[in-house]
Amino acid sequence: GENVEQHPSTLSVQEGDSAVIKCTYSDSASNYFPWYKQELGKGPQLIIDIRSNVGEKKDQRIAVTLNKTAKHFSLHITETQPEDSAVYFCAAFLSNAGNMLTFGGGTRLMVKP
Amino acid sequence: NAGVTQTPKFQVLKTGQSMTLQCAQDMNHEYMSWYRQDPGMGLRLIHYSVGAGITDQGEVPNGYNVSRSTTEDFPLRLLSAAPSQTSVYFCASSSRHEKLFFGSGTQLSVL
């Protein structure tokens, strides 16, 4: 099956700085890579996703990049704000496995005002 | 539009007790799934369903049962609770395998 590793497990940045979270996956057949944000006491929410036929995708202050050759993808948050503080999860989807998403271990992002 | 509703929000059980975690969605999604969230381990898939009457095991199915008698509901049953099942449980639904909508979670403690 698929295995997803996520780094770092915690990340602290100053407000206005950029934050980068990286994930690697094991199965080259995975073709969909979403990122979820989980605020305290809530369920994860999808914030951005990318498919294997695209190298980069942006949505305002967040962007995701995918390197299929190296089997890694990253989340970039620019101009961070205190409300970006949360736990972020990456995931990978293997379409031929009859399975659902495989998640990384999560990154706790703290944005200091 | 309520989305995915989970009950209860909190539960404390004694070892050996059984209980059912409820999950309902009002988005007419075909796919529903249960995950458990443990510190440093992300979200691990317990069971999932691709439609009414169809269920399958995920990564960590032992000690849990599910059924899907309707499109809306996907309850998770703990047969004989163990301390290792102390976790936060999330139900999710989607119209496809990929874009999941999560409930707000159930925090379960087994003493």
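Read top to bottom, the protein sequences are chains A and B. Those letters in the first sequence? Residues 351 to 463, per the working numbering, in order. Those letters in the second sequence? Residues 90 to 200, per the working numbering, in order. For each residue, glycine too, the CB sits at the ideal point set by N, CA and C.
Closer than 8 Å to chain B by CB, residue i
i, result
"A:F423", "no"
"A:K372", "no"
"A:G455", "yes"
"A:Y375", "no"
"A:L361", "no"
"A:P358", "no"
"A:K387", "no"
"A:L451", "yes"
Neighbour flag for residue i against chain A, beta carbons, 8 Å
i, result
"B:E119", "no"
"B:L197", "no"
"B:E161", "no"
"B:F99", "no"
"B:S182", "no"
"B:S38", "Since the first and last residues shown for chain B are 90 and 200, residue 38 of chain B lies out of range."
"B:S156", "no"
"B:L189", "yes"
"B:S122", "yes"
"B:S193", "yes"
Residues near residue i in its chain [Cβ-Cβ closer than 7 Å; skip 5 each side]
i, result
"A:N381", "R401, S402, F443 and S445"
"A:A436", "K387, Q388, E389 and L459"
"A:P432", "E365, V461 and P463"
"B:H118", "S182, S183 and S184"
"B:L168", "S107, G152 and N154"
"A:L396", "P384 and Y386"
"B:G142", "R157"
"B:Q146", "H136"
Sequence-distant residues of the same chain with beta carbon closer than 6 Å to residue i, five excluded per side
i, result
"B:S198", "V101 and T175"
"B:V177", "Q126, G194 and Q196"
"A:D377", "E352 and L444"
"A:T428", "S368 and R411"
"B:P172", "V199"
"A:L425", "I371, W385 and V414"
"B:F99", "Q196"
"B:W123", "I135, H136, L165 and C180"
Assigned secondary structure, residue i (DSSP; H/G/I helix, E/B strand, else coil)
i, result
"B:Q126", "strand"
"B:Q174", "helix"
"A:D367", "coil"
"A:D377", "coil"
"A:P432", "helix"
"B:N151", "coil"
"B:T144", "strand"
"A:T419", "coil"
"A:L396", "strand"
"A:Q493", "A question about residue 493 of chain A goes unanswered here, because the residues of chain A that appear run from 351 up to 463."
"A:V404", "coil"
"B:Q106", "coil"
"A:S362", "strand"
"A:S424", "strand"
"B:S138", "strand"
"A:R458", "strand"
"A:L444", "coil"
"B:L168", "coil"
Residues bridged to residue i [DSSP beta-bridge criterion]
i, result
"A:D304", "Past the boundaries of the shown model lies residue 304 of chain A; chain A is included only from 351 to 463, so the question cannot be answered."
"B:A113", "B:T94 and B:D162"
"B:L197", "B:Q100 and B:S176"
"B:S182", "B:M121 and B:F190"
"A:E355", "A:T374"
8 Å Cβ shell around residue i - same chain, five flanking residues per side excluded
i, result
"B:T46", "The shown model of chain B, from 90 to 200, leaves out residue 46 of chain B, and the question about it has no answer."
May I ask you to list, following chain order, the residues of the region 129 to 153 of chain B that have a beta carbon less than 9 Å from some beta carbon of chain D? Considering every chain present, this structure includes no chain D. Its protein chains are A and B.
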